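Here is the structure we will look at, set down as structure tokens.
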């Protein structure tokens with residue numbers, strides 16, 4: 004039978020168009036179904052990013068982060084809201100090992116993990132952003148710092164990285180190591196890398212909000228429930 | 004010729020499998036191309052959300068926001084980082100007109116727009132979230148407020164809404180109007196609605212960061228350049 008069909012060379016002009024028709028028909032239906040699924044997927048994207056945006060403290064240090072990546076994340080902060088639109092926050096980037104070492108030496112890691120001094124060599128951050136206040140613009144940055152850092156971190160998470168915000172910083176030492184001019188004040192440091200640790204969110208119990216690490220080195224973060232944080236007023 | 008093919012009933016057992024084979028082959032290639040395009044599309048989603056997350060001050064008040072929507076946005080804040088993981092911030096929702104009126108009466112709008120008293124009736128926010136510090140948990144909320152509000156607003160923007168953060172609030176009046184217990188301190192208020200104004204970002208000139216409104220009521224927001232905010236250190 005095959006021979007019979009193949010024998011009719013011009014049968015290809017029938018079969019191929021039929022196949023082609025089905026191709027477009029299939030693509031159309033597939034495309035519509037897939038677009039809808041992707042639309043749904045994209046429309047819950049911010050929730051997914053926020054869930055993935057945990058505070059990570061152990062990374063695959065061999066995975067580098069580039070200057071361009073850091074700049075693109077800071078651009079997200081730049082385009083975020085600023086109190087009075089004053090935009091007094093400025094940034095220093097670090098993505099090479101020498102500079103990273105300097106910054107690392109000034110940070111205090113995970114106050115609740117008493118037996119842990121921070122990540123070992125090979126698991127340290129691949130990059131940092133130092134967030135500064137330019138006092139020549141103003142002395143008050145309102146809630147700009149948190150808004151900016153959330154934008155930055157969500158950008159990093161979207162690209163498969165993760166980070167951690169530091170406020171326990173030896174500021175005089177960091178000012179000196181990086182030769183930061185006096186008109187700037189260090190506000191926060193964000194560390195970035197390719198996370199290698201698992202972080203799980205769990206229900207808070209008896210008001211104990213301290214994060215903890217289990218014997219498998221999984222990091223547990225208790226979170227208050229929605230019912231607790233939304234007042235019935 | 005068609006008759007000839009159709010005539011062979013069991014030719015369907017040849018043609019249909021061939022079509023089916025092509026279906027899967029096409030779907031596989033299509034799927035891969037489309038997934039990649041969607042992957043790219045999804046991977047620039049946070050940038051798109053952040054661009055759309057402007058401070059809006061005029062809304063279509065007829066578009067309501069539900070309790071469930073507000074709760075889902077606050078859930079994003081709940082799952083965001085908190086200094087020491089203490090999570091001392093709590094929230095009051097408002098989405099009905101009576102309560103909205105009370106909150107509206109305590110807010111100061113757009114300090115730089117001297118000739119504008121705020122949105123007129125019909126253009127006011129459809130909902131509010133009042134962000135509070137529960138002083139029984141602690142007195143310091145670090146940068147939690149900004150982190151939480153950015154998460155909340157990005158959630159709202161993803162669903163086609165927009166908002167504005169307020170710090171100019173008649174706090175004693177709001178405490179009284181909503182009968183907020185004394186252990187809470189008002190930190191910020193976020194207004195939400197379906198934006199009806201156009202907001203454009205432009206380059207800052209001569210350090211003038213004040214937003215302004217043109218004769219077409221387009222809202223202009225000067226932003227510092229990336230080169231200005233990233234120090235060459």
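Chains as they are written, first to last, in this note's numbering: chain A, 4 to 236; chain B, 4 to 236.
Backbone N, C-alpha and C define an ideal beta-carbon position, used for all residues, glycine too.
Here the structure is a predicted model, which is why all the values come from computation and not from measurement.
With DSSP run on the structure shown, which of helix, strand or coil describes residue i?
i, result
"residue 28 of chain A", "The pLDDT assigned to residue 28 of chain A is 45, lower than 50, so where the model puts this residue is not dependable, and the model offers no usable value."
"residue 205 of chain B", "strand"
"residue 102 of chain B", "helix"
"residue 181 of chain B", "coil"
"residue 112 of chain B", "coil"
"residue 198 of chain A", "strand"
"residue 128 of chain A", "coil"
"residue 52 of chain A", "helix"
"residue 119 of chain A", "coil"
"residue 175 of chain B", "helix"
"residue 191 of chain B", "strand"
"residue 148 of chain B", "helix"
"residue 78 of chain B", "helix"
"residue 158 of chain A", "helix"
"residue 73 of chain A", "helix"
"residue 216 of chain A", "strand"
"residue 136 of chain A", "strand"
"residue 92 of chain A", "strand"
"residue 85 of chain B", "coil"
"residue 14 of chain A", "helix"
Going by Cα to Cα distance, which pick from the options is closest to residue i?
i, options, result
"residue 63 of chain B", "B:74, B:86, B:127, B:16", "B:127"
"residue 96 of chain B", "B:86, B:82, B:78", "B:78"
"residue 213 of chain A", "A:164, A:229, A:115", "A:115"
"residue 147 of chain A", "A:195, A:167, A:86", "A:86"
"residue 118 of chain B", "B:231, B:215, B:170", "B:215"
"residue 191 of chain B", "B:218, B:14, B:171", "B:171"
"residue 208 of chain A", "A:221, A:228, A:217", "A:228"
"residue 199 of chain A", "A:53, A:82, A:220", "A:220"
"residue 217 of chain A", "A:201, A:76, A:165", "A:201"
"residue 141 of chain A", "A:76, A:21, A:188", "A:188"
"residue 67 of chain B", "B:88, B:52, B:100", "B:100"
"residue 103 of chain B", "B:72, B:71, B:181, B:52", "B:181"
"residue 123 of chain A", "A:72, A:61, A:210", "A:61"
Mind checking if residue i is an interface residue toward chain A, Cβ cutoff 9 Å exclusive?
i, result
"residue 94 of chain B", "yes"
"residue 56 of chain B", "yes"
"residue 224 of chain B", "yes"
"residue 231 of chain B", "yes"
"residue 136 of chain B", "no"
"residue 161 of chain B", "yes"
"residue 121 of chain B", "no"
"residue 48 of chain B", "yes"
"residue 194 of chain B", "no"
"residue 236 of chain B", "yes"
Answer yes or no: does any C-beta atom of chain B fall closer than 9 Å to that of residue i?
i, result
"residue 90 of chain A", "yes"
"residue 107 of chain A", "no"
"residue 115 of chain A", "yes"
"residue 221 of chain A", "no"
"residue 148 of chain A", "yes"
"residue 111 of chain A", "no"
"residue 103 of chain A", "no"
"residue 131 of chain A", "no"
"residue 216 of chain A", "no"
"residue 181 of chain A", "yes"
"residue 61 of chain A", "no"
"residue 72 of chain A", "no"
"residue 53 of chain A", "yes"
"residue 99 of chain A", "no"
"residue 173 of chain A", "no"
"residue 86 of chain A", "yes"
Are the CB atoms of residue i and residue j nearer to each other than 9 Å?
i, j, result
"residue 177 of chain A", "residue 106 of chain A", "yes"
"residue 226 of chain A", "residue 134 of chain B", "no"
"residue 109 of chain B", "residue 186 of chain B", "no"
"residue 56 of chain B", "residue 224 of chain B", "no"
"residue 152 of chain A", "residue 204 of chain A", "no"
"residue 168 of chain A", "residue 80 of chain B", "no"
"residue 232 of chain A", "residue 93 of chain B", "yes"
"residue 154 of chain B", "residue 54 of chain B", "no"
"residue 76 of chain B", "residue 149 of chain B", "no"
"residue 125 of chain A", "residue 113 of chain A", "no"
Since residue i contacts residue j with CB under 8 Å, what's their CB separation in whole angstroms?
i, j, result
"residue 236 of chain A", "residue 183 of chain B", "6 Å"
"residue 50 of chain B", "residue 129 of chain B", "In fact, because the Cβ distance is near 26 Å, the residues do not count as touching under 8 Å."
"residue 48 of chain A", "residue 74 of chain B", "The Cβ separation is near 19 Å, so there is no contact."
"residue 98 of chain B", "residue 69 of chain B", "7 Å"
"residue 59 of chain A", "residue 163 of chain A", "With 8 Å as the limit, residue 59 of chain A and residue 163 of chain A do not qualify as a contact, their Cβ atoms being about 12 Å apart."
"residue 145 of chain A", "residue 136 of chain A", "That belief does not hold up - the Cβ atoms of residue 145 of chain A and residue 136 of chain A are roughly 11 Å apart, past 8 Å."
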